[in-house]
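Each residue of the sequence shown is one higher than the last, beginning at 214 in our numbering. These notes concern the structure reproduced below.
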Amino acid sequence: MEYSDTQIAAADLILKTLLEHESFVNDYKILAMVKKRYGIKATFVIDMLKDDGLIAQHGEAFLKLTSKGGKAAKYGMKWHQRKLDVKDQVKIAGWLIGVVASITAILSFIMGLLC
């Protein structure tokens, strides 16, 4: 998911807080902390982190850091975003190589039939 600069900073705060507190923190504490520091509602950022698989709900009132989220907490959200961008570029490159190889095979087959 695409994060704004403020959302990246809030996500870093959430992930680092979870890392510092043995991977479990009350979600109300995080909501208040993000609201106080950045003046934004953290619910959307928390939902984005959940969708990305970086945190998970643990019970009704606690958030839990996932192993993927631990790496993002350690290295930062900007690193995590760059890593995702590189993975997307590799997927696109693989797809393009497949398309070029298929076209080359088809052209070679047609040339073989004509000659």
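Beta carbons: idealized from backbone N, C-alpha and C, even for Gly. Keep in mind the model is a prediction, meaning the values are calculated, not measured.
Backbone secondary structure at residue i - three-state DSSP
i	result
Leu226	helix
Supposed close pair residue i, residue j - CB separation, criterion 8 angstroms
i	j	result
Asp237	Lys277	Note that residue 237 is Phe in the sequence shown here, rather than Asp. Right, their Cβ atoms sit about 6 angstroms apart.
Val258	Ala224	6 angstroms
Thr219	Tyr251	6 angstroms
Asn239	Ala274	6 angstroms
Beta-carbon proximity check, residue i vs residue j, cutoff 8 angstroms
i	j	result
Leu228	Leu267	yes
Thr230	Leu244	no
Ile232	Val247	A small fix is needed here, since residue 232 is Leu in this sequence, not Ile. No. Outside cutoff.
N- and C-terminal bounds of the alpha helix (DSSP H) containing residue i
i	result
Lys284	280-288
Start and end residues, beta strand (DSSP E) containing residue i
i	result
Ile253	Neither: Ile253 is in no beta strand (DSSP E) and is coded neither H nor E.
Ala269	268-271
Worksheet item: Per the contact definition of three or more C-beta pairs closer than 8 angstroms, is the segment 287-298 in contact with the segment 309-324?
Response: The segment 309-324 vs the segment 287-298: no contact.
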